[in-house]
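I have placed the structure first, in the form of structure tokens, so that the comments after it can refer back to it.
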Amino acid sequence: MPDTFDALHLTREGDTDPAGDPDATDTDDVVRSFSELATRSAADWFSCFGGAPVATTLAELHVRPRCFVHRFTLTDGTSRRDVVLKIRHSDATLRRAERFDGRPELTPQRTISDRDSARCELTGLQQVARAMEGADPDRFGVLRALGWLDGPAGIVMEYVDEPTLRQQLVRRWRRAPLRHGRPGRAEQRDEDRTWSDLGEWLRRFHAADDGRSLPARMSRRDELVDFVERARHFLLQAGAEPGVVSGLATTVVERVERVFPVDLPTAAGHGDFTAQNVFVGPHGRITVFDPLPLWRVCVYEDLARLTMGMRLLGPQVLTHGRLLGEDLCDRWEARLLAAYADGGRPPADQLHVFQALLLMDRWGELLGKRPARGRARQVSRRVRVHVGSGWYERQARRLSSLLA
Ligand SMILES: Nc1ncnc2c1ncn2[C@@H]1O[C@H](COP(=O)(O)OP(=O)(O)OP(=O)(O)O)[C@@H](O)[C@H]1O
Ligand SMILES: [Mg+2]
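In the working numbering, the protein residues as written are 421 to 824.
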């Protein structure tokens, strides 16, 4: 095995399959291309580097379903900085396959090449930086894009040594037995502020780009109804509890007419506004990353993706809500909405309609994806589906009653 993999921290994430690990030769090529770029650019990226040659080392490689995330260390012998190089891939062996044809998806995958997606993410990072101009830097961090690696089409960016919001939420569970799950008062204040700040962040991001130059997706009321009907059909076919699914679908379709105009309020969407894509720094400071503003979408989609994502976090599903109590989720959601509305009426009904769409989308994924290869993964999928279905049904009932 070539040198690149010696002493390298290699991890596989999501449902990646070991058979799909990156080829060592490809990784060697990436390391070589990156080193050349870093040698030329390190002094532009970081003012601590001057004329002395800068050496680069690949310290970590995360193999993910849709990208490789490399962490490189740069040093000139005196100063040291870490950077991330993200390279997208379309290696199907690194993703879970579908069990059924034609699963309805809220966001169609892979409509553009990996290179164009990477370009779009770079544009997104620059857009975030513009949207956050003038905002309080103690509350809003900005992940600086440093450069572009041509060839494998990768984005070079600053390394952020902070946990993601998802990691922070999941940690509550790990420490629960010791502290009865309750963070201290100051920590709770920081957590609450994070959710208000996420609302303000999204308001600024949506205000910065109305998305007129982007293709529209789910931007009309009839598209919502169409998605709900297709998702209802799919979920029933895939074995979801018929009464709960139909009850939710019928309620949403009725409610959509009353809540929304024909054309929905839209903006350029973040693309994946979730707890996985937010770093949380000191005193709850947020740095949102991993943008892919490919579409003009209804503004409630981003709000729902974050909040429904929180309610459907893996440990939340598996423990049937013991990770985050219902009251806590409601409180954070209310803070998010109030900050997004900025003094206006918090759009609760609109959020709940979009949460229902997100729930149906994720439910379809739960039932419709094959496990990665290996017996242990097949067993774990069966457990996930069995335990998960009960929690998804509970979420469906919650939304049906809120929207009734
Ligand atoms: N700049 C960074 N600094 C520190 N860690 C990072 C950085 N970028 C990514 N990571 C780590 O890698 C993980 C995956 O990165 P990212 O969210 O960009 O990719 P992804 O979600 O797999 O890809 P996709 O863009 O296809 O959704 C992050 O959750 C984070 O842990
Ligand atoms: Mg991500």
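Virtual Cβ for every residue (Gly too), placed ideally from N, Cα, C.
inquiry  = What ranges does the alpha helix (DSSP H) occupy inside the segment 558-602, keeping only unbroken runs of at least 4 residues that lie completely in it?
reply    = If we require 4 residues or more, the alpha helix (DSSP H) runs fully inside the segment 558-602 come out as 585-599.
Chain-order list of residues whose beta-carbon lies under 7 Å from that of residue 530 (same chain, five-residue window excluded) = For residue 530, same chain residues with a beta-carbon under 7 Å away, outside a window of 5 residues either side, are 510 in chain order.
ask   = What do you get for residue 513, buried or exposed, if any count of 16 or more other CB atoms within 10 angstroms of its CB means buried?
value = Note on residue 513: under 16 other CB atoms within 10 angstroms of its CB, so exposed under the neighbour-count rule.
task = Over the uninterrupted beta strand (DSSP E) stretch that includes residue 480, give me the two end residues.
result = Unbroken beta strand (DSSP E) run through residue 480: 475-483.
message = I'd like the list of long-range same chain contacts for residue 630, defined as Cβ closer than 6 Å, with 5 residues on each side in sequence excluded.
response = Once the five neighbours on either side are set aside, the close Cβ partners of residue 630 are 687.
ask   = How many angstroms separate the CA atom of residue 598 from the CA atom of residue 592?
value = Any reading at residue 598 must be qualified, since the residue scores a pLDDT of 49, below 50, and its modelled position is unreliable; the value itself is stated next. Going from the Cα of residue 598 to the Cα of residue 592 covers about 10 Å.
inquiry  = Give me the residue from 801, 448 and 707 with the minimum Cα distance to residue 734.
reply    = Residue 734 has its Cα closest to that of 801, out of 801, 448 and 707.
query = Beta-carbon separation of residue 483 and residue 491 under 7 Å?
reply = Going by C-beta atoms, residue 483 is not nearer than 7 Å to residue 491.
key: With 16 other Cβ atoms within 10 Å as the buried cut-off, status of residue 568   = Residue burial is scored here from C-beta neighbours: residue 568 has fewer than 16 other C-beta atoms within 10 angstroms and is therefore classed as exposed.
ask   = CB-CB under 7 Å to residue 466, same chain, minus the five flanking residues each way: which ones, in chain order?
value = The residues are 501.
query = Got a list of residues with beta-carbon closer than 5 Å to any non-hydrogen atom of ligand 1, in chain order?
reply = The set of residues with a C-beta under 5 Å from any non-hydrogen atom of ligand 1 comprises 484, 486, 487, 489, 504, 577, 579, 580 and 710, given in chain order.
ask   = Can you list, in chain order, the stretches of the alpha helix (DSSP H) that have 4 or more residues and sit fully within the segment 713-765?
value = Counting whole runs of 4 or more residues, the segment 713-765 contains the alpha helix (DSSP H) stretches 719-731, 734-738 and 746-761.
key: Own chain residues within Cβ distance below 7 Å of residue 821, not counting five before or after   = Same-chain partners within the cutoff: there are none.
request  = Measure the Cβ-Cβ separation of residue 665 and residue 655 and say whether it is below 7 Å.
outcome  = If you check the CB distance, residue 665 and residue 655 come in under 7 Å.
message = According to DSSP, residue 487 sits in a beta bridge with which residue or residues?
response = Paired residues: 508.
ask   = With DSSP run on the structure shown, which of helix, strand or coil describes residue 703?
value = Residue 703: helix per DSSP, three-state reduction.
message = Which residue wins for smallest C-alpha separation from residue 446, given the options 714, 627 and 572?
response = Nearest C-alpha to residue 446: 572.
query = With burial defined as no fewer than 16 other Cβ atoms inside 10 Å of the residue's Cβ, what is the status of residue 507: buried or exposed?
reply = Residue 507 comes out buried.
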